[in-house]
Amino acid sequence: MKYDDKPDNDTNGDSPGNDNQYHNDDEVIELGSDDEIMQMEEGDEIDMDGEGDGEPLDEAEHIDDSIFTFEAHKEPVFCIKLHPVNHSLVATGGQDDLAYLWNSSTGETILKCTGHKDSVTQVSFSADGTYLATGDMSGLIQVWNIATKETVWSFEVADLEWMQWHRGGSLLLASDADGIVWMWKIPSGSCSTFDFSGVAATICHFLPLNTMLAAGYGNGVVKIWNLTSPSQQMPTFSGNNGHQGSITCLDSYSSNPSDNNATLISGSTDGMMNVYNLEKGKLVKSFDCHGSGEEGANASVESVAHCSNRVIAAAATTSGDLFIFNLTAMTCALKLNTNQMPITKVIWHQKSPMLYAADTDGVITLWNGLTGENIAKFYGHSAEIHDLSVTEQGVVFATASEDGTAKLYEVTENSLPKTFDISELLNK
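Taken in order, the sequence shown gives residues 19 to 446; the numbers are from the working numbering.
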């Protein structure tokens with residue numbers, strides 16, 4: 019996702035706690051487990067244009083399905099993350115050069131993260147929730163101790179592309195426009211670097227094996243790094259085995275995370291989703307995600323996601339097409355058309371084949387990944403959704419928008435159609 023340049027009359031937003039808005043709260047659905055592999059027909063195409071699923075946004079601007087709205091930023095909000103332990107705590111970053119840590123239960127602004135020089139486009143919590151990292155477009159990264167509300171470490175890289183904590187400890191990783199992937203131990207700041215091409219390292223992804231990282235580059239190359247041994251020869255996919263455009267998104271899955279037998283999926287501005295077998299170091303399949311018309315022909319894959327416990331993946335494009343791929347048969351199982359609105363991010367529910375999709379119209383759609391059914395739409399934003407974060411249970415999700423707000427939503431009995439039996443979906 020690219021961000022607009024900052025206006026000349028840039029202002030810093032204060033944290034007016036009384037500006038935040040609460041909304042109605044309903045009974046939360048308990049979602050169960052799901053581990054059966056899906057069997058799907060090849061090439062099913064479903065036109066889910068939203069008929070009967072809610073009014074178009076211009077007729078529904080007054081509808082707000084969220085349970086809480088955070089309004090301190092005043093300018094576009096680019097990133098959002100839910101705390102890994104206490105889901106009432108939310109971090110956001112925006113065009114106002116600020117990041118906030120706030121409590122959605124009380125409306126309290128816990129920490130206003132100042133000192134950034136440009137739009138804050140990256141926020142990330144450490145695995146245990148002790149630290150919050152914030153990063154801006156200019157490359158300034160700051161790490162905050164949530165308990166003390168103080169900065170414990172900071173560093174500057176080239177223009178920042180990606181930033182995330184390692185899931186196994188206090189290691190923070192980031193990539194920049196110079197093509198360098200950085201890894202720091204926090205709070206000491208001891209550092210390792212992974213330098214490959216001099217081309218922007220646009221996106222990275224931790225593989226199931228904790229010591230491995232996949233990195234995507236602006237020239238279409240996908241490279242695997244061993245974090246414990248930067249010089250070790252690892253698979254690199256380029257040319258006909260890579261992409262013909264910048265890498266925009268990555269995801270992976272493995273039946274046994276303790277070994278290196280993982281499958282990696284990548285999306286690119288070339289409109290393709292690639293599937294790689296990392297054990298064999300080979301490209302397995304390239305899926306064409308271009309749609310119809312001029313927009314479809316020039317579509318970029320903006321987000322890819324693998325469904326937990328099912329060998330299926332979703333790919334979403336700037337032309338509004340949403341594909342579901344069967345990665346066992348290596349076929350396109352479903353193609354959904356979502357009102358032609360570009361999709362910015364997709365995330366699967368962790369324990370069921372339900373897919374959250376955010377779009378540039380400010381709407382979040384919940385899809386049944388088995389049938390292509392449009393389960394529900396969630397309104398509230400008046401502009402593009404830049405980021406989406408979902409809890410592990412999938413009941414609460416949070417959004418960051420161009421309209422200057424961040425919102426929290428719940429999947430409740432009232433938000434789903436009465437004809438929809440979630441237990442049937444979980445048990446399929």
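For glycine and all other residues, C-beta sits at the position ideal for the given N, C-alpha and C.
From a predicted model like this one, the values you see are computed outputs, not experimental measurements.
| query | result |
| --- | --- |
| Length of the line joining the Cα atoms of V429 and V413 | 5 Å |
| Unbroken stretches of the beta strand (DSSP E), 3 residues or longer, contained in the region 241 to 289 | 265 to 271 and 281 to 286 |
| Backbone secondary structure at G299 - three-state DSSP | coil |
| Three-way DSSP call (helix, strand, coil) for A418 in this model | strand |
| Coil, strand or helix - G5 by DSSP | Residue numbering for the chain in the displayed model covers 19 to 446; residue 5 lies beyond these limits and cannot be assessed. |
| Straight-line gap, L426 to Q250 (C-alpha atoms, nearest Å) | 43 Å |
| Coil, strand or helix - E312 by DSSP | helix |
| Cutoff 8 Å; reference K303; Cβ partners in own chain excluding five residues on either side | N292, V293 and M348 |
| Nearest neighbour of I382, chosen from A394, M372 and G390 [CA to CA] | A394 |
| Buried or exposed (CB count within 10 angstroms, at least 16 for buried), T87 | buried |
| Cβ-Cβ distance between E320 and A334 below 9 Å | yes |
| Distance between G197 and S215 (C-alpha atoms, nearest Å) | 6 Å |
| Assigned secondary structure, Y397 (DSSP; H/G/I helix, E/B strand, else coil) | coil |
| For C97 and N327, the rounded distance between their alpha carbons | 27 Å |
| Where the beta strand (DSSP E) containing T211 begins and where it ends | S208 to D213 |
| Sub-9 Å separation of D421 and S400 beta-carbons | yes |
| Between the CA atoms of G234 and L189 - distance to the nearest angstrom | 20 Å |
| Terminal residues of the beta strand (DSSP E) in which H324 lies | V319 to H324 |
| I283 vs H308 beta-carbon contact at 9 Å | no |
| Buried or exposed by the 16-neighbour rule on C-beta atoms within 10 Å, applied to V364 | buried |
| For V217, three-class secondary structure by DSSP | coil |
| Rounded straight-line distance, which links the Cα of A165 to that of S8 | Nothing can be reported for residue 8: it is not among the residues displayed for the chain, which extend from 19 to 446. |
| Complete beta strand (DSSP E) runs within the region 329 to 370 (minimum length 3 residues, chain order) | 330 to 335, 339 to 344, 349 to 355 and 361 to 366 |
| Pick from E93, A109 and A90 that is closest to K99, judged by C-alpha positions | A109 |
| Inter-residue CB distance, W243 and F212 (contact presumed, cutoff 8 Å) | 5 Å |
| Which listed residue (V103, G260, S208 and Q368) has its alpha carbon closest to that of A232 | G260 |
| Run of the beta strand (DSSP E) containing H404, from where it starts to where it stops | I403 to V408 |
| Those residues which DSSP pairs with V161 across a bridge | A151 and W171 |
| Rounded straight-line distance, which links the Cα of V175 to that of A195 | 9 Å |
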